[in-house]
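Encoded as structure tokens, the structure appears first; notes follow it.
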């Protein structure tokens with residue numbers, strides 16, 4: 001909504017009666033806020049302005065500005081918090097998480113698509129279609145956008161996390177944000193900048209020196225101070241086996257992955273008798289049951305040899321190649337079943353602990369480990385597809401950086417939309433193998449490239 005510049009109609013100070021009405025509206029719209037929190041959000045005596053504007057699409061929007069920062073906006077009689085308000089009350093709305101690379105697209109006016117969601121170990125928040133939601137980035141609980149859910153959580157999972165998830169209304173760094181970005185010390189408990197700086201220095205958050213007469217300058221900031229890291233998530237310790245969601249750490253558990261089969265159009269005649277249609281997804285045991293029941297129901301089991309199945313026109317069309325149509329009349333059970341599975345389209349189901357299963361078509365992409373040459377003939381280890389298994393590339397990179405004592409970077413993965421890759425200096429596949437197999441307990445069959453580890457006695 002604010003991805004492009006808007007036109008301001010008026011900017012006036014709020015009246016006392018309107019201020020009281022706004023408080024009542026906030027309390028009604030956000031019942032989880034207590035009376036004191038409502039009073040903090042809509043202060044009683046401090047400056048509060050009403051900004052009326054027209055968005056670039058012509059929508060009439062009313063914005064409430066406190067201390068120079070937009071805190072709320074109203075559209076079609078619905079009240080919404082801004083990201084500024086959510087920074088003070090991060091639990092006001094159900095929060096969904098996406099990757100940092102996605103923010104640029106949201107700021108540009110794009111909606112949040114479901115493939116861009118990061119599914120935390122505790123599962124997705126439970127929402128209904130039309131619910132107002134906050135959007136945060138991996139590793140930082142501070143919301144960066146708000147949007148309206150395009151479908152319920154149950155529908156998101158049923159869709160296999162495909163399609164549009166949220167209609168984004170407002171983001172950090174959009175044109176509404178430049179209306180704010182002010183820190184008014186006078187409106188804080190410190191009242192004076194000198195008292196604020198003195199307190200921050202006493203808590204060893206900053207260092208202040210008088211570099212010239214009468215002018216105090218901040219010469220250092222302790223970015224790892226708890227007061228700062230409590231807002232922006234710290235890097236995990238090298239022995240940590242957790243992935244971080246918001247300000248909470250939860251043990252990582254690998255997802256349960258199950259191979260499935262999807263019925264294509266060419267196989268519908270074989271499966272329709274059992275109530276399945278094109279696009280139906282089945283487990284291997286269900287496919288076996290369907291084929292056995294079909295053969296027995298249509299009296300296709302060879303009377304002289306129970307290990308053979310006679311092929312009727314439907315089985316011929318579904319399972320045989322063109323050059324076999326007139327030569328193959330019977331098949332053994334194992335060949336019949338294996339051919340059937342080969343003709344079905346691959347699919348898979350991923351279930352994270354405590355969450356509903358997510359079904360997707362195609363084959364699951366393994367965690368891909370490769371070696372590459374960089375400048376000066378130096379080797380680097382590149383890891384892709386961590387997100388598929390619920391692993392945060394930034395957290396994995398931080399662990400590897402400390403464990404390998406080597407530099408790491410996280411960059412967009414080439415050829416993969418909204419996906420990141422981790423690059424570690426040197427051949428670090430031994431460390432990766434231990435991390436993925438032993439600590440994260442990811443089955444070896446879902447990891448490719450482990451054979452490229454350096455051989456004993458050879459230089460990395």
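In the UniProt record's numbering, the protein residues as written are 1 to 460.
C-beta: ideal position from N, C-alpha, C; glycine also.
I'd like to know whether the C-beta atoms of residue i and residue j end up nearer to each other than 8 Å.
i	j	result
residue 399	residue 383	no
residue 411	residue 401	no
residue 162	residue 86	no
residue 5	residue 56	yes
residue 80	residue 92	no
residue 204	residue 225	yes
residue 425	residue 406	yes
residue 289	residue 278	no
residue 442	residue 367	yes
residue 7	residue 53	yes
residue 46	residue 16	no
residue 27	residue 38	yes
Tell me which residue opens and which closes the beta strand (DSSP E) that residue i is part of.
i	result
residue 17	Counting along the chain, residue 17 falls outside any beta strand (DSSP E), though it belongs to the alpha helix (DSSP H) covering 16 to 29.
residue 349	345 to 351
residue 54	48 to 54
residue 425	420 to 425
residue 207	206 to 212
residue 217	215 to 221
residue 73	69 to 75
residue 371	367 to 373
residue 60	60 to 66
residue 442	Here residue 442 belongs to no beta strand (DSSP E), and DSSP marks it neither H nor E.
residue 261	256 to 262
Where do the N-terminal and C-terminal ends of the alpha helix (DSSP H) with residue i fall, by residue?
i	result
residue 290	284 to 297
residue 107	100 to 107
residue 36	35 to 41
residue 431	429 to 433
residue 138	Per DSSP, residue 138 belongs to no alpha helix (DSSP H) and is neither H nor E.
residue 197	193 to 202
residue 268	268 to 271
residue 124	Per DSSP, residue 124 belongs to no alpha helix (DSSP H) and is neither H nor E.
residue 157	153 to 158
Under three-state DSSP, which class holds residue i?
i	result
residue 317	helix
residue 249	Note that residue 249 has pLDDT 48, beneath the 50 cutoff, so the model's placement of it is unreliable and the number below is only indicative. Three-state DSSP puts residue 249 in a strand.
residue 398	helix
residue 177	helix
residue 327	coil
residue 235	Because the pLDDT at residue 235 is just 39, under 50, the model does not fix this residue reliably, and the value given afterwards should be weighed accordingly. It is coil, neither helix nor strand.
residue 308	strand
residue 243	Legend: pLDDT at residue 243 = 36, less than 50; position of this residue unreliable, no value from coordinates given.
residue 404	helix
residue 448	strand
residue 228	helix
residue 166	strand
residue 83	helix
residue 488	An answer regarding residue 488 cannot be provided, because it is not within the stretch 1 to 460 covered by the chain.
residue 280	coil
residue 145	strand
residue 378	coil
residue 9	strand
residue 114	helix
residue 388	helix
residue 436	helix
residue 361	strand
residue 129	coil
residue 414	coil
residue 92	coil
Please check the pair residue i and residue j, which I expect to be a contact at CB under 8 Å, by giving their CB distance rounded to whole angstroms.
i	j	result
residue 144	residue 83	6 Å
residue 49	residue 12	7 Å
residue 111	residue 167	5 Å
residue 428	residue 381	5 Å
residue 121	residue 352	6 Å
residue 254	residue 440	6 Å
residue 476	residue 281	Residue 476 lies beyond the residue range present for the chain, which begins at 1 and ends at 460; the question has no answer from this structure.
I'd like to know whether the C-beta of residue i is nearer than 8 Å to at least one C-beta of chain B.
i	result
residue 286	Checking the listed chains, one finds no chain B in this structure; it contains a single protein chain.
Spell out a yes or no on whether the region 334 to 348 and the region 308 to 320 are touching, meaning 3 or more CB-CB pairs, one atom from each, closer than 8 Å.
-> yes
Do the region 152 to 171 and the region 126 to 135 meet, that is, are 3 or more Cβ pairs less than 8 Å apart?
-> yes
Three or more C-beta pairs below 8 Å linking the region 134 to 144 and the region 92 to 111 = yes
Evaluate the contact criterion for the region 375 to 382 versus the region 167 to 180: three or more CB pairs, one atom per stretch, below 8 Å.
-> no
Okay, do the region 319 to 327 and the region 344 to 362 touch, 3+ Cβ pairs below 8 Å being the bar?
-> no
Given 8 Å as the limit, is there contact between the region 386 to 396 and the region 289 to 304, that is, 3 or more CB pairs closer than that?
-> no
At a cut of 8 Å, does the region 261 to 271 reach the region 444 to 454 through at least three beta carbon pairs?
-> no
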